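All residue numbers for the sequence shown refer to the UniProt record's numbering, where the first residue is 1 and numbers rise by one. Read the structure below first, then the notes.
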Amino acid sequence: MRPRAARTVPATNALPGGVQYSVKLDGLRIVGFALGAGRAVLQSRSGRDRSADFPAVAEAIAELPAGVVLDGELCAWRNGALAFRELLRSRAARERDGAALSYVAFDQLAGPGEDVRERPLSERWELLTRTLRGVRPPLQLVKATNVRPEALRWGPTLAPLGVEGLVCRGLNTRYRPSDPQARWVKFRHSETVDAQLVAVAGPADRPRWVQLELPDGQRVMCSPQLSPVQRKQVGDAVAGHLGPAEIHPEHGEFRRLNPPLPAEGETSTGTHRPVRFVRVREDD
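Okay, structure coming up:
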């Protein structure tokens, strides 16, 4: 299920059955499978098993009843705030610098012996709250409410912690990714935008600069240049997508991607509208 962007927070009756408002976290979208016998799988949107990358989270999900399948966000925290870049670092580096992990579940897709995706969100939510009752970190239930004014008050309080905005879902909707009526809605507090990574500049395996295509079709070179962590993430992501080398008048060695990759940028105000690269979106 991929949320569609909205410029305003939906009214209470805007979605089927009323709206549930939950916080939108900056992490990795992960479906967690409790397989029984102490085993679990953490599956990313691209289908990769990330269990070996985040063993503490996998172990926590493995303790749930066999057959439970959760949808949620795997997040990293540092100094009391969300820190997405920590998810791109090695386990040893995270532990050395005191970063903590959490898996924040917002939906349940299956229980022991039962696929519940065709049940309405209101029922899936009740099931999820029962499944997670009494669990301890790194597992937790997403912060959510059915009261719009309450959700609107969260913005000023939670934005400094790295909370991006709200995800809004119809309480009477099924978990159907291809059904337009079941689509979720996302509202961001910041000026973060979904974009396409269309080109890189610098060494192919560790680019220094990226070019994004924004929703309006404009292509921009992001500023400032990438951090070391971003260079590694982008270099790994673009492998196999790069065209022949060209020369960019300002940034030197330049390669276009085929096909482009989903990414995220952050826009600023001003005449020249500078764009800061945030990340490649693995979960698209």
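Virtual Cβ for every residue (Gly too), placed ideally from N, Cα, C. Keep in mind that this is a model prediction, so the values were computed, not measured.
- Counting only residues of its own chain and dropping the five nearest sequence neighbours on each side, residue 80 has a CB closer than 8 Å to the CB of 161.
- Leaving aside the five residues that flank residue 114 on each side, the residues in its chain whose CB is nearer than 8 Å to its CB run, in chain order, 67.
- The secondary-structure analysis by DSSP pairs residue 21 across a beta bridge with 145, 168.
- By DSSP's assignment, residue 255 forms a beta bridge with 200.
- Taking the C-beta atoms as reference points, residue 45 is found nearer than 8 Å to residue 29.
- Here residue 108 is bridged, per DSSP, to 70.
- Following the DSSP letters along the chain, one finds residue 125 inside the alpha helix (DSSP H) bounded by residues 121-131.
- Between residue 171 and residue 72, the C-beta gap is not smaller than 8 Å, which leaves the two residues out of contact.
- Measuring C-alpha to C-alpha distances from residue 76 to each of 101, 97, 70 identifies 101 as the nearest.
- The beta carbon of residue 118 sits closer than 7 Å to the beta carbons of 174 from its chain, once the five residues preceding and following it are set aside; these are given in chain order.
- Nearest to residue 6 by C-alpha distance, out of 234, 264, 257, 193, is 193.
- Sorting 98, 24, 99, 104 by C-alpha distance to the C-alpha of residue 60 places 104 at the top.
- If you compare the alpha carbons of 98, 88, 184, 116 with that of residue 168, the shortest gap goes to 184.
- When C-alpha distances from residue 34 are compared across 207, 70, 52, 55, the shortest belongs to 70.
- By the neighbour-count criterion, in which 16 or more other beta carbons inside 10 Å mark a residue as buried, residue 52 falls on the exposed side.
- When rounded, the separation of the alpha-carbon atoms in residue 242 and residue 2 is 27 Å.
- In the three-state DSSP reduction, residue 246 falls in the strand class (E or B).
- Boundaries of the beta strand (DSSP E) harbouring residue 40: 39-44, taken from the DSSP string.
- Taking the Cβ atoms as the reference, residue 230 lies roughly 19 Å from residue 219, outside the contact range of under 8 Å.
- Within the DSSP secondary-structure output, residue 154 pairs in no beta bridge.
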